Structure formats: structure tokens, C-alpha cells
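Taking it in order: structure first as C-alpha cells, then the write-up.
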Amino acid sequence: MTFSPELEEKFARLLTIYPEGRQRSAVVPMLMFAQDEVGHVTPELIEEIAKRIGIPTVQIEEVVTYYSMLHQKPMGKYHVQICTNVSCMLTGGTELWERACQKLGIGHLQRTGDGQISLEEVECIGACSWAPALQVNYDFHHNVTPEKLDEILEACRKVN
Amino acid sequence: MAELVSLTIDGRTVQVPPGTLVIDAAKKIGVEVPAFCYYEGLSLQAACRMCLVEVEKMPKLMAGCTLPVAEGMVVRTETPTIAKARKSTLEFLLTNHPLDCPVCDKGGECELQDMVFRYGAGESRYTEIKHHVDEKQWSPVVYFDAPRCILCYRCVRICDEGMGVGALGVINRGVVSEIAPNKTDHLECDECGMCIDICPVGALTSGAYRYKTRPWEMQHVGTICTHCSNGCKTTLGVRNNEIMRGDNRDQSGVNGEFLCIKGRYAFDFYHHQERLQSPLVRKNGKLEPVSWKEALEAAAARLKAARDAGSKIGVIGSTRTSNEENFYLQKFARLGLGTNHIDHHRTGDVVTLLDALSGQKDALATTADLYEKPAIVVLGADLALEHPLLSFQIRANFRHHQARVYAVTEKPVREDKYAAAAIRCDAAGELAALETLREKLANEPELVIVFGDTVKGDAVRKLVAFGSSLGKPVKYVALVDYSNSRGAMDMGLVPELLPGYRPSGQTGMSAGEMVASGDLDMLYIVGANPLEGGQPLGGKPFVIVHEMFLTETAQAADIVFPASSAYEKNGTVTSVTGEVQQLKKAVQAMGTKPDLEILGLLVREMGLAAQIGPWTPDKVFQEIRETVPGYNMPLPVIATGGAVQTAPVNGRIEVDARPDLVRSSRDGLFTSGTLGRYSKVLNSVVEGRHHT
Ligand code: SF4
Ligand code: SF4
Ligand code: SF4
Ligand code: FES
Ligand code: FES
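Sequences listed follow chains A and B, in order. Per this note's numbering: the first sequence = residues 935 to 1094. Per this note's numbering: the second sequence = residues 19 to 710.
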């Protein structure tokens, strides 16, 4: 597999920053960066990273299936993650989640037909002080109201 | 050595080296701390919480499997608090457990069952629907039943650390975590079954054994694997004269718990449908079944006539028959038939090694040495495929003692991954490559050198000279192929040597020469297939064969005796490292007789009984102990299933060792000479097709 020069550079660095023999520590960051570029974690990506680190593929699969932020099927261009854990649930998170599902006509870990948006119901994202909160790709949105949610989704739909 | 640490466990004082884990310290005084995930020799996991112990001045229960001892520590391993904690752990383990013990293979020898029996947790407070996953088949050998799994990770670790394969992992998390194979829905691995046997519960089961029997219905017979020279003890579970399984859970033998696919599953050849069950005699050009009496009389008459007429008789022995059979065969050939044309398929240059080591002490490595010595050199062999146990030992040595391993081979090998140096060279170029390591090796305090069949003749002498020049203690292993390849040599199944490497002072034809010879009158072949691949005989000798199957050689015979396999007889065999161990009869295959008995009956029929002597395994072994140099070993050790290394020859062996005849078949993990053809399991695994 070939990656962009920037990603290659990141990979090269990641393989040198851990002590000799501990290169497997690079699995998580490599997968995260690669997912951002490739879109999701493909079988080829798993093999490639296994090869570069020199460990069996099944050890990469362990990590991929463990962490919910690593996806093995394509997500939308905008991956909307809505928290329904305690603080958010108490402040309307569940309603936000249901509203989003209804508006988009998709559910947990599904993606709109145009590939633009995907939804994920997530556990606490560490933004309890500003609950209810959600995350679009890496961007946080705090104190989200139904209106604000509509705006966010609308924006995701439009932007290319 | 650092000073010992003193602590109290269950009111008893114990002294152990610093760094010892509480669970091991307890074991030292005979206290068993329950454990699922802890497994001696594997990395620590601390995943199951069964090993909780109370330690004075520590506020919470501690995991005994990861807690190192400290001076003055006071530990209790069985208290009401602990029992309650263990019971709760078990209750959790059972929440999604299917409780299908009545049909589970492991029922009766399951560690989870035992623990629940001990601590209770018979009632569950869990009212949710159990999470169910269907059973999966990952290979002809390995099945996985996820609901029974307690996620102890033993299988994952033995495969990665012990086998160096790393075919298993744990995917997902929480209640849906499960063990997964390396190829998503199937396994491509060594198919050794180590993961199955190490599983404390019935989550991993074997294709060979599943749903066939209950553990308590079997008799367990510890014998030696017949497939390669490594001499693993395999404990055969036998019910109604049928072998149900092979394992070595009691960790007896030179192999501890190790077995490869062949020792664990490839016993299945013994009931292959083509197994010969009656003697055959050629009549009108066709091999016809006849009675033993008829076949023995016909063979005896022929042999007698040939001997009396001074005809040329050739004898080819086996690399899988017992020492007793080999010894008796050469005696029969030399004394009974008056011929010195006797040979077997030679697979390693043991003779030159023993000769070159003349005068040196402690220069032959044992299986244990490969685990214990600080540095190991592997020359010209792919141990993981060709000598699985030796490879396992060296890997364990690296893991546990940080041994330096030097691999000098033609192709990449499994040892490369952790080797201190991995060097590629042409076959037979090993010595030159070794020279480049001289400085490193000279710095090693001690060394074991293992070499394959490309190092033979002069190369062996040069190798020994190289070893001696390092000025450090060096031990050697000359690799040979089959379960008693070494014993065939030791027992003098070659023209130039009598048993115990005493020169015969006579010449004789090699196996190849006998096959090619145009003027041989009779050929007597015991458990060998020199006509493999359809190679024709050079002349028209009368051929008598002992065989289990109608091999190419048996098809060309005039008389065929149906022979017992190693699992159907008593006797001894000698491993690649010269360690002698006992074969124990597990089953009786209908219509067959052990080679020793066939020879004995023939000797009697020929009126030679007084001359050649008795033919029970015990009596012949006694004679071997009394007359064969190197074999005067303590009987009780052998008789109780132990291994004793033969004493070194320690003198010159002044013969032409015929290195030109040395050729290994290079059997891999999934082949076993002619015998391998008749094992369904070896022919069923996909890896077999990749490797060879
Ligand atoms: S059979 Fe052996 S090699 Fe295959 S997964 Fe199990 S332990 Fe690993
Ligand atoms: S399959 Fe067996 S050995 Fe593997 S984790 Fe589960 S219980 Fe442990
Ligand atoms: S390593 Fe050799 S002796 Fe051991 S089980 Fe495998 S084939 Fe048998
Ligand atoms: S519960 Fe939603 S951010 Fe913490
Ligand atoms: S044996 Fe200690 S936690 Fe499993």
C-alpha cells in the first residue's frame, strides 16, 4: 500500500520513537492516522501495518476491534458522534440522538446514501461540563440544542 | 546468587529467590493457588482473578500470580474472604457460559468445573439472556466454541510465545470478546494443537477427539511419537483398543507438554483402511493373503535355501523400528543369514561426529541442553518444520534465559526473528559462514551446535575442529530424520559397523546398492520403502518385506508380513540427541505382529532360535544393555518412562563412515516419509499443501 508523503513521514517517525523491540506501540497512532487518510481500516491496511511493524495481522485486528473509533467499514465524510452517556443523557443527549437518526434516516454506525454523513452513538467524550455534547470528526460541539444540531447536520450535508 | 527471601504462606515459612511470584513460592511448599490465566513458562496475564490471596498489611486481596515475594510477607491462600472472592469470579465466568458440561469434551478434566466444584457458585443471579455464539471450525484440527471460553489468553500466548506462530488473538471487547484465528474465519498455522491442550476449558477442541469419548473412559499409555527423531512422549488415550487422542498433559518425557501435529494427531495412520492385516505371498504373480504359518514357512524355506547355497542376501532395516528389533535384525542377518549386506536410510552423519569427538567429554547435547545452554548455533536446518521439539526448546531458552541463537541456513527460518545473528548461505556453505561468527561465538561461555545433513564427512570434522578452537565447552547434535534413525545406526544396521559403533571389519552393500544390484538373490526389508516413487529393482531378487501398508516396496515383494506400528509394541527407541526412551503398546492392530516377533518366529522356523536368542523386547534390551557399548543404562529410569542418553563412544571409529550415503528426506511439519501418506489429518490440513 502506498500513502501520502505526509503519512509516510509520520509512519517513519512513529517506528523510531519507541524503544527497540517495542515497535508495536505504534499500532494505535498508525491506524488512526491511516484511517483519516484511507477513510476506514481495510484488510489491506491491516496487513500493511502488520508488515511494517513486523507482527502478525491478528494482533492488529485485536486493536482494531477493541477501539470503537477505528472503523472497518466506510463512514461518512462527516462522522457525527453523539454522546448519550450520563451527563448528556440528563441534558437531552438521547433526544439529540433520536432526532439525528430521524432526520438522516440512518442509525448507529450507518451512513447516508451520498456518503456525506454517518452517525455513531458514543459513550462519554469527556465534555460533560458542556453537556450535551457531540463530535464531528475531531471537532467538538458543546451545549448542543435541537436547533444547533439541525444547523450542524445541515452544514455537514452541504460542505464538500 | 542473590540472598533468598523468606516469607510465610499458610503458616509455613518458605525461602525463595527474590522476584519469585507468590503463586510459585506456594507451589514450592505444595500449596496450590487456583489459577486460570497464570501458566508456567508463559508471560503474565493477570486476567482471571482466581489466584487472589490475602497478604497481611495489604488492604485488598492480591493476585498471587503477579505479586513478587517480599521479606517477611505473610500470605494466606485459603480464607473465607478469598473463597468468597473466588466464588464471585466464578459466578461472573459462568454468566454467559452455556453449562453444556454433559456433552463437553473437557467434562471431567475441566479446570473451570473443578473450581466451581470447589468454591460453589452453583446458583446464578444473572437473569439476562445469555450471549450465544455458534461453534466455529477453524481447521480440520481446531474448533472453537466461544461461549465456553473464559478468556484466560493461554491459547494466545502459547501460540505466540511457545510456538512462535502467533496465529491467535482476542478480538472485540467486553462480553463479546472472543478468540480469533489469523485468517479471519480460519487458521493457517502449525496445527499443533498446543492451544487446544492448554485451554483450561472446552472452548478449543480438536477435530480428532471432539464428541468421541469421556476422559475417564480411556486408558492413558505414554509412548514415544513415531514420526520424527525428536522423541516426544505422547500419551495416547485408548478406549476399546482404539486410540482416541494423543497429548502430553502430564509433561513427562523430554518434550514436557510439547507435541507437534504429528505427535498429537497423526497416530491416525494406524487404522487407515489400507492397513495390511494378513501376510501376503505371491502366487501366480499376485500377492495373495495367506496364514501366518504358510508365510513363515515359505519365508524360512527360502531364506534357508539361499543361505545354504551361499547366495547373496541383502537386508534393509527401518528408521522407525525399535532398538530391540534393529539389534535382533542385524544379529539375524549377520549370524543367521551370514550376510553383511545390511543397511538403512542414513539421514545424518552421526558416525563422523562420534569419531571426531573421540576423547572429548560431555560433547553430546541433550534435549534439555537446548533449553538451558546460553548459546545455540543452528546449521543448515529449518528446525521449526523439521525438528519441531528442538525448535520449541530453543525458543523457550530465548524467552526464559535470553539465549543467543545463531541461525546459519540457506533460507529464512523461524529462529531469525529472535536470533542474535541470522546468516544466509548456500547448502554446504555453512562452515564458511560460521567462520564469520567466530569472534561472537568465542565470547560465549558455552555453546550447542545443531547441524543438518549438509554438514557431513570432512565438514563434520572441520566443524568439531572449529568448536574446539573456540576454547569453550561445545556440545553437538547431528540431526537425523525419524523416530529411531539414531537407534538404527547405534544398533549397527550398516555394513561397516556392529552395534555400539564397533567396526565389523567387513564390507557390504549399501541400501542403494542392494536396490540397484543385478546379482542379489534375496532382499529382506523391514519397515523401509527404498522403492519409493516407483524406482525399480536392479535385479530379480526374492523379496521379503515387513510393512504396515502396501507401499511401492511391499508391492514388489514376494512375501509381505503385516507389521505392527510403534504404537502397537513395546521396546525402546533412541532420539536425535541419543536419548533412549520406552515404547509402550497402546493398541493391537488386528492381524499384525511386531517386527521383533516376526523375526523371532522366522528364526524359530529356521531352527536358529538357540543361536540368535530370545525375541521378547525385555530380553533383547537386556542383551543390548550387556553387549552394546553406550547402552548400559539404568533400567528403572527407562522402565518408568524416563530418558537416558547413551554413553559416548569416546574412541576412534576407524571405518569409512560413508557420508556420501547421508541424505535427509527433509520432512516438514506435515509429512512423515511414507507413513505420512496414511495419516488423514496430515493430508487434510491446508498448510501441508503450502509447505511441501
Ligand atoms: S494449532 Fe498450534 S499453531 Fe495453530 S493456533 Fe493452535 S497453538 Fe497456534
Ligand atoms: S479458548 Fe481456552 S485457552 Fe483460549 S482464552 Fe478461551 S479459555 Fe483460555
Ligand atoms: S516433534 Fe517429532 S517426535 Fe515430537 S511430536 Fe512432532 S513428530 Fe513427534
Ligand atoms: S457524558 Fe457526554 S460528554 Fe461526558
Ligand atoms: S491466575 Fe492470577 S489473575 Fe489469573
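By construction, the Cβ of each residue, glycine as well, lies at the ideal position given by its N, Cα and C atoms. Quantities reported herein were computed from a predicted structural model and do not represent experimental measurements.
Following the continuous beta strand (DSSP E) through residue 436/B, name the residue where it begins and the one where it ends.
Premise fails: residue 436/B is in no beta strand (DSSP E) and is neither H nor E.
In terms of alpha-carbon separation, which member of 149/B, 514/B, 156/B and 404/B lies closest to residue 204/B?
Nearest of 149/B, 514/B, 156/B and 404/B to residue 204/B, Cα basis: 156/B.
So which residues touch the region around ligand 1, with touch meaning a C-beta under 6 Å from any heavy atom?
In chain order, the hits are 160/B, 176/B, 177/B, 181/B, 183/B, 185/B, 186/B, 205/B, 207/B, 208/B, 209/B, 210/B, 211/B, 212/B and 213/B.
Counting along the chain, where does the beta strand (DSSP E) carrying residue 265/B start and finish?
Counting along the chain, the beta strand (DSSP E) containing residue 265/B begins and ends at 260-265.
Is residue 612/B near ligand 3, in the sense that its beta carbon is under 8 Å from a heavy atom of that ligand?
Checking the Cβ of residue 612/B against ligand 3 gives no.
Using a cut-off of 8 Å between C-beta atoms, extract the partners of residue 415/B located in chain A.
Neighbours of residue 415/B on chain A: none; closest Cβ ~18 Å, over 8 Å.
Report yes or no: is there a C-beta of chain B within less than 9 Å of the C-beta of residue 992/A?
Residue 992/A counts as touching chain B.
Quick check on residue 191/B - is its C-beta less than 9 Å from some C-beta in chain A?
Yes, residue 191/B counts as interfacial toward chain A.
Give me the DSSP bridge partner(s) of residue 240/B.
Partner(s): 253/B.
For residue 27/B and residue 87/B, what's the separation of their Cα atoms in angstroms?
Taking the straight line joining both Cα atoms gives about 10 Å.
Are the beta-carbon atoms of residue 1003/A and residue 1052/A separated by less than 9 Å?
No, the pair does not count as a contact, with Cβ atoms beyond the cut-off.
Residues of chain A with CB closer than 8 Å to the CB of residue 187/B, please, in chain order.
Result: 990, 992, 993, 995 and 996.
Considering only C-alpha positions, which residue in the set 50/B, 679/B, 22/B and 634/B is nearest to residue 370/B?
Residue 370/B has its Cα closest to that of 679/B, out of 50/B, 679/B, 22/B and 634/B.
Could you tell me whether the segment 565-581 of chain B touches the segment 219-229 of chain B, where touching means 3 or more Cβ pairs closer than 8 Å?
They do not touch, by the three-pair rule.
Quick check on the burial criterion: 16 or more other C-beta atoms within 10 angstroms. Buried or exposed for residue 78/B?
Exposed: under 16 other Cβ atoms inside 10 Å.
Output yes or no for whether 9 Å exceeds the beta carbon distance between residue 1039/A and residue 1028/A.
Taking 9 Å as the Cβ cut-off, residue 1039/A and residue 1028/A do not qualify as a contacting pair.
Can you give me the start and stop residues for the beta strand (DSSP E) that residue 1028/A sits inside?
First-last for residue 1028/A: 1027-1038, but that is the alpha helix (DSSP H), not the beta strand (DSSP E).
Is residue 1017/A a contact residue of ligand 6, with contact defined as CB to any heavy atom under 8 Å?
Because ligand 6 does not appear in the structure shown, any question about it cannot be addressed here, the ligands present being ligand 1, ligand 2, ligand 3, ligand 4 and ligand 5.
Is it the case that the segment 32-50 of chain B contacts the segment 1072-1090 of chain A, given that we only count it when at least three CB pairs across the two stretches are under 8 Å?
Taking 8 Å as the limit for Cβ pairs, the verdict is that the segment 32-50 of chain B does not touch the segment 1072-1090 of chain A.
Considering only their Cβ atoms, is the gap separating residue 374/B from residue 595/B smaller than 9 Å?
The answer is no: Cβ separation not under 9 Å.
For residue 494/B, list the residues DSSP reports as bridge partners.
Residue 494/B pairs with 382/B and 467/B.
Starting from residue 579/B and walking both ways along the beta strand (DSSP E), at which residues does that stretch end?
Segment 577-580, the beta strand (DSSP E) holding residue 579/B.
At a CB-CB cut-off below 8 Å, which residues of chain A make contact with residue 184/B?
Per Cβ cutoff of 8 Å: 989, 990, 992 and 993.
From 67/B, 314/B, 302/B and 298/B, pick the residue whose C-alpha is nearest to that of residue 308/B; which is it?
It is 298/B.
Say whether chain A places a C-beta atom closer than 9 Å to the C-beta of residue 700/B.
So, not an interface residue.
Return the residue from the list 37/B, 216/B and 243/B that minimises the CA-CA distance to residue 172/B.
Nearest of 37/B, 216/B and 243/B to residue 172/B, Cα basis: 216/B.
Given this structure, state the Cα-to-Cα distance separating residue 1015/A from residue 34/B, to the nearest angstrom.
Taking the straight line joining both Cα atoms gives about 54 Å.
For residue 572/B, would you say it is in contact with chain A, using Cβ-to-Cβ distances shorter than 9 Å as the test?
It does not: the Cβ of residue 572/B has no partner Cβ on chain A nearer than 9 Å.
What are the boundary residues of the beta strand (DSSP E) that includes residue 283/B?
Counting along the chain, residue 283/B falls outside any beta strand (DSSP E), though it belongs to the alpha helix (DSSP H) covering 279-283.
Kindly examine ligand 4 and report whether one of its heavy atoms sits closer than 8 Å to the Cβ of residue 1002/A.
The answer is no for residue 1002/A.
Taking the continuous alpha helix (DSSP H) assigned at residue 623/B, which residues delimit it?
613-623 is the extent of the alpha helix (DSSP H) around residue 623/B.
Starting from residue 346/B and walking both ways along the alpha helix (DSSP H), at which residues does that stretch end?
From DSSP, the alpha helix (DSSP H) with residue 346/B extends over 341-349.
What does residue 402/B touch in chain A if you count any residue whose Cβ is under 9 Å from its own?
The premise fails here: residue 402/B is roughly 15 Å from chain A at the closest Cβ pair, so nothing lies under 9 Å.
In chain A, which residues lie with their C-beta within 7 Å of the C-beta of residue 728/B?
Only positions 19 to 710 of chain B appear in this structure, which leaves residue 728/B out of reach.
Hey, is residue 1066/A close to ligand 4, as in C-beta under 8 Å from one of its heavy atoms?
Yes, ligand 4 has a heavy atom inside 8 Å of this Cβ.
Between residue 960/A and residue 389/B, what straight-line distance do the alpha-carbon atoms span, to the nearest angstrom?
Approximately 32 Å between the Cα atoms of the pair.
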